[in-house]
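As numbered in this note's numbering, the sequence shown has no gaps in its residue numbers, which increase by one up to the final residue, 179.
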Amino acid sequence: MNAKQRQIEIQYPDLEITLTADLLEEKNPELCDLMWRNLPIETIQSHTMSTGEAMYCPHRIVDFVKSQTELITEMPVGSVCMSIIDYKSFSIYYGKRTEPLPNSPVARIRSEDLESLRKVGKKAWEANYLTHFPLRVVFRRKES
Numbered sequence: 036m037n038a039k040q041r042q043i044e045i046q047y048p049d050l051e052i053t054l055t056a057d058l059l060e061e062k063n064p065e066l067c068d069l070m071w072r073n074l075p076i077e078t079i080q081s082h083t084m085s086t087g088e089a090m091y092c093p094h095r096i097v098d099f100v101k102s103q104t105e106l107i108t109e110m111p112v113g114s115v116c117m118s119i120i121d122y123k124s125f126s127i128y129y130g131k132r133t134e135p136l137p138n139s140p141v142a143r144i145r146s147e148d149l150e151s152l153r154k155v156g157k158k159a160w161e162a163n164y165l166t167h168f169p170l171r172v173v174f175r176r177k178e179s
């Protein structure tokens, strides 16, 4: 990591899990700046119903900035994406995805946090399908 690399934390207070992700500023600089300016954001984590091992959570950021997209089926596990026009959500991919949908990557969760990410994915699926108990999540800047 270079000295200028910005990072975010994605915290699940009820699970006592915090994930760290590097912003992908070289891929989507304007979108990363927009996200950074609007942090912290507290919201509710949901799980997809048909896309595979993927989670999403709503946010209220609406703006028009340039962004590059990739198919989510081609992104690495740990990718964090941000949609600001249509679904207005953050998406986090913790395993295999089944639908080749486009999305704009803004961050990647560190490899050492991927096991914890899978635990979060399982808990988000349980919250969505079984318990219907909201799973809180906080996106914030990681302070050095």
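By construction, the Cβ of each residue, glycine as well, lies at the ideal position given by its N, Cα and C atoms. Since the structure is predicted, the reported quantities are computational estimates derived from the model, not experimental observations.
C-beta atoms of Tyr91 and Ser126 nearer than 8 angstroms
A contact, by the Cβ cut-off of 8 angstroms.
3-residue-minimum beta strand (DSSP E) runs that sit fully inside the stretch 73-122, ordered along the chain
With a minimum length of 3 residues, the continuous beta strand (DSSP E) runs that stay inside the stretch 73-122 are 76-82, 87-93, 114-118.
Between the beta-carbon of Leu152 and the beta-carbon of Tyr129, is there less than 8 angstroms?
Closer than 8 angstroms, so yes.
Cα-Cα separation, Glu60 to Val172:
If you draw a straight line from the Cα of Glu60 to the Cα of Val172, it is about 23 angstroms long.
My assumption, with CB atoms under 8 angstroms, is that Leu74 sits in contact with Ile144. Please give the rounded CB distance.
Your pair Leu74 and Ile144 does not check out as a contact, with CB atoms roughly 16 angstroms apart and the cut at 8 angstroms.
Check whether the stretch 88-103 and the stretch 63-70 are in contact - that is, three or more C-beta pairs closer than 8 angstroms.
Yes, the stretch 88-103 is in contact with the stretch 63-70.
Pop quiz: Trp71 and Arg41 are said to be a contact at Cβ under 8 angstroms. What is the actual Cβ separation, rounded to whole angstroms?
Right, their Cβ atoms sit about 6 angstroms apart.
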